[in-house]
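Residue numbering for the sequence shown follows my numbering, starting at 70 and increasing by one per position.
One structure is given below, encoded as structure tokens.
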Amino acid sequence: MDIKSLYKKYSLNIYNRYGPVFVKGSGSWLEDSKGRRYLDLFPGWGVSILGHCHRRLVKVINEQASKLIHLPNNLFSCQQALLAKKISQLSFSSKVFFANSGAEAVEAAIKFSRLWRPGCNQIIVMKNSFHGRTMGALSATGQKKYKKYFRPLISGFKQVKFNDFDHFKNKITSKTSAVILELIQGEGGVNVANKDYVERIAKFCQANKILLIIDEVQTGMGRTGKMFCYQHYSLKPDILILSKGLGAGVPISAIVVKKRIADIIKPGMHASTFGGSPFVTRVAREVFDIIKEENILNNVEKQQKFLKKSLLKLKERFSIIKKVRGMGLMQAIECNRPTAPVFKAALKKKLIINSTHENVVRIMPALNVKKTELNQGIVILTDIFKSLEKRQKNNYKQYG
Ligand SMILES: Cc1ncc(COP(=O)(O)O)c(C=O)c1O
70 MDIKSLYKKY SLNIYNRYGP VFVKGSGSWL EDSKGRRYLD LFPGWGVSIL
120 GHCHRRLVKV INEQASKLIH LPNNLFSCQQ ALLAKKISQL SFSSKVFFAN
170 SGAEAVEAAI KFSRLWRPGC NQIIVMKNSF HGRTMGALSA TGQKKYKKYF
220 RPLISGFKQV KFNDFDHFKN KITSKTSAVI LELIQGEGGV NVANKDYVER
270 IAKFCQANKI LLIIDEVQTG MGRTGKMFCY QHYSLKPDIL ILSKGLGAGV
320 PISAIVVKKR IADIIKPGMH ASTFGGSPFV TRVAREVFDI IKEENILNNV
370 EKQQKFLKKS LLKLKERFSI IKKVRGMGLM QAIECNRPTA PVFKAALKKK
420 LIINSTHENV VRIMPALNVK KTELNQGIVI LTDIFKSLEK RQKNNYKQYG
């Protein structure tokens, strides 16, 4: 039986899957079972920030796997402690709890916020946000399409308009304990939070003892040109959530908690069997070292300029494109029509990008992507938009 038939027979039909069967990866390239190479400008849905199978990561994975893979959390592991120290030093004075996925980290943050001001259970969340698929994270998510089959959800979440400080302020009550915010809404279509808006929220939260929980599952780990996206703004989160790029392919998430909140969390209140194993924490520490030693943030800065310029040129050329937006190597092209056909056409031309939020093409390459690779992607996208526009004109002619 071939692989696609095995999927059909034995895997739950919960994802739409496209393209060939991939067997290998290196840098920004994937190889399929027939030896054909694909340019991957969306590696691992934002996870594989160092590209596929980075040489140093593979080495550390092998070394750590042969030393110690897993340890229960009632024993001490030097790897977990060293990673917690690194994250705290690179962010703010904090203590760290490790989990395995973005949603799990969001769950932990929701639970910790319940401890902050007992009896105050209201959490402000944003319209269009995405925080994951578990019940708490789903309840915090501001998009109906993810929630519609799964009611009743968890109560206590109040949705407000994104980038509208007055709306946020008007929804605050004496029961508000926290706000959960993505600085760039990734699944919501790559919507960047305005500087003034975010800083006003941060100030307001501080003045009113409301926890500011920043979900950087997608924007963290250098994606936007700084190690953490919040560092573009003048604020410090109370709780910072990291995942995706943190392990660059191994499953890990971190909930980074400011010391004064950390002090109220006691043994037994939360746990994770797999969270923070020696294996994943060693790998994540290597990710930080590679980012530093290979000047990855400089590369993000350099390549984002080229990518943005190229996308803006596409916008000038094709009327299908309404807007180009994003920060660092998290960029989007909003179109005036659904973009699933753009994703499919790109895949046929051996380019992997993403279509999200109906009409948005999302590009989130590896942070060590080369200019030549981005340029190759732009050439393919140009071809696709050219033929889409031609088809659109022909349709008009046919009916007009
Ligand atoms: C901002 C944000 N938070 C949380 C999640 C959920 O992460 P996971 O799929 O690892 O549970 C995602 C996933 O895309 C995300 O983008």
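Idealized CB from N, CA, C, for every residue including glycine.
Straight across, the Cα-Cα distance linking K164 with K382 is about 45 angstroms. Put simply, of W98, Q133, I359 the residue whose alpha carbon is nearest the alpha carbon of R125 is I359. Under the DSSP definition of a beta bridge, D452 lacks any partner.
Annotation for I138: F348 place their beta carbon closer than 6 angstroms to its own, counting only its chain and skipping 5 residues before and after.
DSSP places A323 within a strand segment (E or B) once states are collapsed to three. In the three-state scheme derived from DSSP, where H, G and I count as helix and E and B as strand, I333 is classed as coil. Shown here for K230: same chain residues with a beta carbon closer than 7 angstroms to its own, the five before and five after excluded, namely K196, H236 in chain order. Of the other Cβ atoms in all chains shown, fewer than 16 fall within 10 Å of the Cβ of E132; this residue is therefore exposed.
In this structure, the straight-line span from the alpha carbon of E176 to that of N463 is close to 50 angstroms. Taking a cut-off of 8 angstroms for Cβ pairs, the region 315 to 333 and the region 166 to 183 touch, as three or more such pairs fall below it.
When DSSP assignments are scanned along the region 112 to 180, the uninterrupted stretches of alpha helix (DSSP H) that are 4 or more residues long and fall wholly within it turn out to be 124 to 136, 147 to 159. No heavy atom of ligand 1 is found nearer than 7 angstroms to the CB of G205. Taking A415 as the centre and dropping the five residues before and after it, the same chain places the C-beta of I421, I422, I449, L450, I453 closer than 8 angstroms to its C-beta, in chain order. For N239, there is no enclosing beta strand (DSSP E); the residue is part of the alpha helix (DSSP H) that begins and ends at 234 to 239.
Between A174 and S312 the beta-carbon gap is near 6 angstroms, inside 8 angstroms, which marks them as a contact. With at least 16 other beta carbons inside 10 angstroms of its own, A247 counts as buried.
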